[in-house]
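Protein chains in written order, with full-length UniProt numbering: chain A, 1 to 213; chain B, 1 to 417.
Set out below in structure tokens:
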């Protein structure tokens with residue numbers, strides 16, 4: 001297997017250096033950027049496999065980076081990495097297309113594991129993100145333009161999210177629910193998909209159905 | 001964790017961060033609890049009836065107050081510095097969709113016109129010009145500009161306003177003088193007085209509004225300076241003190257870690273959290289307990305909460321039991337972190353406290369461990385809840401606590417008897 005190519009996008013140089021020190025080696029750091037403009041430029045140029053993306057950044061934040069790149073470069077995977085505690089920001093960035101979210105106090109090995117997982121196409125929910133997601137689906141967190149499809153999680157998906165929020169690792173979730181890790185991953189991915197069913201698609205469908213556009 | 005608003009009246013407003021044009025449709029949709037799409041459709045349909053929709057929209061635009069979202073200091077700063085994309089801002093699809101609805105509306109309007117059911121042809125041109133003119137003026141008068149114009153005491157705006165006021169008073173005087181006395185005199189007098197008052201208001205208005213405005217401005221400046229002082233005081237009391245302590249204890253790893261974590265927690269709560277007090281709710285109580293345990297035992301405790309519940313006797317029993325469970329885990333489990341997960345909905349409140357430490361034999365606790373029996377299991381069971389403790393040697397412990405939420409009537413009976 002080839003080494004994963006990773007980019008770090010964060011406006012704090014200290015933090016970039018810290019992350020680089022922790023994960024350089026097992027993965028290859030191909031780019032660093034400190035604001036939206038430079039990030040878009042350098043990411044288009046280097047096309048990394050996984051982008052570690054800060055939520056708050058000059059130029060509009062991580063959300064803006066995903067907005068500009070996601071549709072044109074669907075292969076680039078985004079992993080949000082943030083100190084922000086605001087559920088709206090974090091959920092927003094996941095809805096825009098990020099494949100996962102981890103907090104900045106994550107350890108090196110855990111971060112590497114998350115990068116691997118995201119690169120393989122899975123979703124990565126930290127316990128905190130799982131909590132946010134459950135809150136959002138329960139309607140406690142206000143998420144802009146909640147869709148009809150948004151409040152539908154199956155009982156099983158809810159159970160999986162709850163266990164992740166309780167601090168269980170994927171394999172522990174699998175053991176607890178007597179299912180395979182693969183099934184857990186499927187559930188998690190489908191939660192991500194439901195979360196990302198953005199109002200954009202909904203609206204386009206609405207307009208299409210009525211032949212407005 | 002949305003705080004329940006204390007105000008008995010819900011007021012409609014225009015959300016500043018989500019508006020496409022004036023924010024009227026979005027504000028109305030929020031207020032009425034319907035999709036914004038239907039409100040927009042309603043406005044378009046109403047416009048077909050002699051333009052009622054447009055007039056209603058303009059009036060609402062003028063009279064609904066604009067409201068900026070209330071954010072915590074951290075988020076507000078990030079928003080102002082452009083570090084954060086407004087997550088609520090209308091997407092391109094929504095703009096397109098609104099345009100599409102507007103186009104259909106205009107199409108139907110044209111159709112009505114062509115079939116002769118609309119406004120008579122002679123009026124269409126002037127009406128269109130009037131609407132466009134009104135819109136332009138309206139857009140300029142939106143909030144700030146309007147206030148400024150009404151407050152000017154020099155310049156063109158001032159002259160125009162004084163002239164208009166003078167003309168109105170003169171008209172009122174003329175009207176009054178030219179009328180013949182009779183039964184209609186009272187009505188005429190009232191009309192004349194009304195017109196004169198409007199004129200006077202136009203002339204004297206600026207001084208009055210200026211006075212009021214100055215008062216508000218003064219108050220706002222006071223609040224601003226107080227806020228700045230509060231921020232400075234907060235940073236001094238917390239961050240600077242902690243940094244000083246860190247420099248003194250630089251050699252002591254454990255002390256540094258504890259200080260740093262405590263400071264992080266405080267700053268985080270201040271920047272991104274709400275000002276919740278430990279007495280307010282389940283989540284606040286759990287966070288307070290977690291903070292205490294972290295400080296006392298140097299073990300990080302991560303609290304994740306979904307929903308929240310008021311601290312009635314049942315919920316508070318669970319919160320206290322959870323505190324005991326956290327203390328036990330910190331004391332005995334020999335771990336470097338404890339996970340606490342709380343979930344509250346209308347039927348039940350559940351709290352899980354989990355560690356990945358040494359674990360113990362659950363069957364033995366009944367006799368020799370009064371702490372667990374008395375302060376966790378019994379306490380919750382007295383309030384109609386259940387406690388499950390799962391532990392295996394080497395794999396850690398999880399304490400799961402559940403209590404049903406009593407309905408409001410039940411609580412009421414209990415307190416009134």
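Yeah, the Cβ is synthetic: ideal placement off N, Cα and C, and Gly gets one too.
DSSP state of residue i mapped onto helix, strand, coil
i, result
"residue 360 of chain B", "coil"
"residue 146 of chain A", "Caution applies to residue 146 of chain A, whose pLDDT of 47 falls short of 50 and renders its modelled position unreliable; the value that the coordinates give is listed next. Coil."
"residue 401 of chain B", "strand"
"residue 350 of chain B", "strand"
"residue 232 of chain B", "helix"
"residue 8 of chain A", "strand"
"residue 213 of chain A", "Here residue 213 of chain A scores only 44 on pLDDT, less than 50, and its place in the model should not be relied on; the value that follows carries that caveat. Coil."
"residue 106 of chain A", "coil"
"residue 79 of chain A", "strand"
"residue 38 of chain B", "helix"
"residue 175 of chain B", "helix"
"residue 17 of chain A", "helix"
"residue 32 of chain A", "strand"
"residue 127 of chain A", "helix"
"residue 100 of chain A", "strand"
"residue 71 of chain B", "coil"
"residue 421 of chain B", "The displayed coordinates of chain B run from 1 to 417. Any statement about residue 421 of chain B would go beyond what the structure contains."
"residue 154 of chain A", "coil"
"residue 332 of chain B", "helix"
"residue 91 of chain B", "coil"
Residue-chain proximity (residue i, chain C), Cβ-Cβ < 7 Å
i, result
"residue 12 of chain B", "No chain C appears in this structure, whose protein chains are A and B."
Rounded distance between the beta-carbons of residue j and residue i, thought under 8 Å
i, j, result
"residue 351 of chain B", "residue 322 of chain B", "5 Å"
"residue 342 of chain B", "residue 291 of chain B", "At roughly 15 Å, the Cβ-Cβ gap does not stay under 8 Å, so residue 342 of chain B and residue 291 of chain B are not in contact."
"residue 75 of chain B", "residue 86 of chain A", "5 Å"
"residue 185 of chain A", "residue 170 of chain A", "7 Å"
"residue 389 of chain B", "residue 349 of chain B", "Not confirmed; about 18 Å, so no contact."
"residue 238 of chain B", "residue 266 of chain B", "5 Å"
"residue 42 of chain A", "residue 33 of chain A", "5 Å"
"residue 9 of chain A", "residue 44 of chain A", "About 13 Å separates the two Cβ atoms, so there is no contact after all."
"residue 269 of chain B", "residue 307 of chain B", "Not confirmed; about 19 Å, so no contact."
"residue 202 of chain B", "residue 235 of chain B", "Their Cβ separation, rounded to whole angstroms, is 49 Å, which puts residue 202 of chain B and residue 235 of chain B out of contact at 8 Å."
"residue 73 of chain B", "residue 20 of chain B", "Not really, about 29 Å apart at Cβ, beyond 8 Å."
Cut-off 6 Å between Cβ atoms - residues of its own chain near residue i, not counting five sequence neighbours on either side
i, result
"residue 393 of chain B", "359"
"residue 130 of chain A", "161, 164, 165"
"residue 49 of chain A", "4, 5, 119"
"residue 357 of chain B", "333, 334, 335, 396"
"residue 330 of chain B", "293, 297, 299"
Proximity winner among the options, relative to residue i (alpha-carbon distances)
i, options, result
"residue 382 of chain B", "B:401, B:331, B:395, B:242", "B:401"
"residue 282 of chain B", "B:314, B:299, B:110, B:270", "B:314"
"residue 128 of chain A", "A:104, A:64, A:122, A:118", "A:104"
"residue 52 of chain A", "A:68, A:121, A:25, A:99", "A:99"
"residue 61 of chain A", "A:124, A:40, A:45", "A:40"
"residue 355 of chain B", "B:361, B:363, B:348, B:338", "B:338"
"residue 258 of chain B", "B:210, B:41, B:293", "B:293"
"residue 398 of chain B", "B:384, B:54, B:353", "B:353"
"residue 193 of chain B", "B:171, B:213, B:63, B:205", "B:171"
"residue 2 of chain A", "A:25, A:133, A:13, A:10", "A:25"
"residue 191 of chain A", "A:134, A:172, A:17", "A:134"
"residue 379 of chain B", "B:324, B:328, B:391, B:340", "B:324"
"residue 189 of chain A", "A:178, A:177, A:95", "A:95"
Cβ-based neighbour list, residue i, same chain, cut-off 8 Å, excluding 5 preceding and 5 following
i, result
"residue 23 of chain A", "6, 29, 108, 111, 112, 115"
"residue 16 of chain B", "23, 66, 67, 68, 69"
"residue 249 of chain B", "255, 256, 259"
"residue 79 of chain A", "50, 51, 52, 53, 98, 99, 100, 101, 102, 114, 115, 118, 124"
"residue 68 of chain A", "36, 40"
Beta-ladder partner(s) of residue i, from DSSP
i, result
"residue 177 of chain A", "BP columns for residue 177 of chain A are empty, so no partner."
"residue 390 of chain B", "B:398"
"residue 342 of chain B", "B:305, B:351"
"residue 281 of chain B", "B:310"
"residue 27 of chain A", "A:24"
"residue 51 of chain A", "A:7, A:78"
"residue 69 of chain A", "Note: residue 69 of chain A sits in no beta bridge, so no partner."
"residue 15 of chain B", "B:67"
Contacts around residue i, its chain only, beta-carbon distance under 7 Å, and the 5 residues preceding and following it disregarded
i, result
"residue 197 of chain B", "none"
"residue 105 of chain B", "44, 47"
"residue 347 of chain B", "404, 405"
"residue 55 of chain A", "61, 62, 80, 82, 84, 89, 90, 93"
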